[in-house]
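Comments concern the structure below.
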Amino acid sequence: KEYKGLWTWTLGRVREKKLDKRLYAYSPGSEPNNPEEYLERYPGDDIIDLIGFDCYQMDKETYIEHMNKSLSIVTEVAKLRNKAMAVTETGYEAIPNPVWWTEVLLPIISEYPVSYVLVWRNARERETHYYAPYPGQVSAEDFLNFYGNSKTLFAADVEKLDIYSETK
68 KEYKGLWTWT LGRVREKKLD KRLYAYSPGS EPNNPEEYLE RYPGDDIIDL IGFDCYQMDK
128 ETYIEHMNKS LSIVTEVAKL RNKAMAVTET GYEAIPNPVW WTEVLLPIIS EYPVSYVLVW
188 RNARERETHY YAPYPGQVSA EDFLNFYGNS KTLFAADVEK LDIYSETK
């Protein structure tokens, strides 16, 4: 009850400050077991725009299992609530698998109506704490393949589509 109240209070303050050009994502940050558990602290359709979850790879098999389970549940909830859905945080620290992007992540997300995928940060103060490759990193070439795949869309691609033009 308090968590839901915090959402309502926060949204009220944001609107009071006229910061209304925002999307609000509900992403409890844990792998749900079912839609009911996922929605336990859901603040309401009038507040939430996007349904999401977080999932990180430690070992490949567990990651694939958790991603598919979470994506299935979140897809069901998003359809019931008429919301977009996303993988709000994911990744594989230091990305040691040279084909992680196209052989692990892409096959999973290709099976679901995912609006976006966000990989976690690259922390410059910690040498191996990064989730997006840099030039020369072992998965960098595969990331470029992921980037160029017809099933992916990046910010630069959206800008080319000009869907936010004021004249439309």
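Numbering follows this note's numbering, in which position 100 of the sequence shown is assigned residue number 167; successive positions increment by one, without gaps.
Note that the Cβ used here is the ideal one computed from N, Cα and C, for glycine as well.
Around the Cβ of residue i, are there at least 16 other Cβ atoms within 10 angstroms (buried) or fewer (exposed)?
i	result
Lys235	Confidence at Lys235 is low in this model, with a pLDDT of 46, below 50, so the placement of that residue is unreliable and no value is reported for it.
Lys88	exposed
Gly215	exposed
Trp168	buried
Cα separation between residue i and residue j?
i	j	result
Val166	Leu78	41 Å
Tyr183	Ala222	11 Å
Lys218	Ser177	7 Å
Gly96	Ser137	11 Å
Val144	Leu117	10 Å
Going by C-alpha to C-alpha distance, which of the options sits closest to residue i?
i	options	result
Leu73	Glu98, Arg82, Pro110 and Asn100	Pro110
Asn149	Ser94, Asp112 and Arg193	Asp112
Tyr91	Tyr105, Gly119, Pro202 and Glu143	Gly119
Glu170	Ser206, Lys227 and Asp116	Ser206
Enumerate in chain order the residues of its own chain whose CB-to-CB distance from residue i is below 7 Å, with the five nearest sequence positions on each side excluded.
i	result
Tyr70	Arg108
Glu192	none
Asn164	Val171 and Ser206
Grab me the residues of residue i's own chain with a C-beta within less than 8 Å of its C-beta, minus the 5 sequence neighbours each way, in chain order.
i	result
Leu185	Ala153, Val154, Thr155, Glu156 and Thr157
With a threshold of 9 Å between beta carbons, is residue i in contact with chain B?
i	result
Asn189	The structure shown has no chain B; it contains just one protein chain.
Which same chain residues end up closer than 6 Å to residue i when comparing Cβ atoms and leaving out the 5 residues on each side of it in sequence?
i	result
Met134	Cys122 and Ile175
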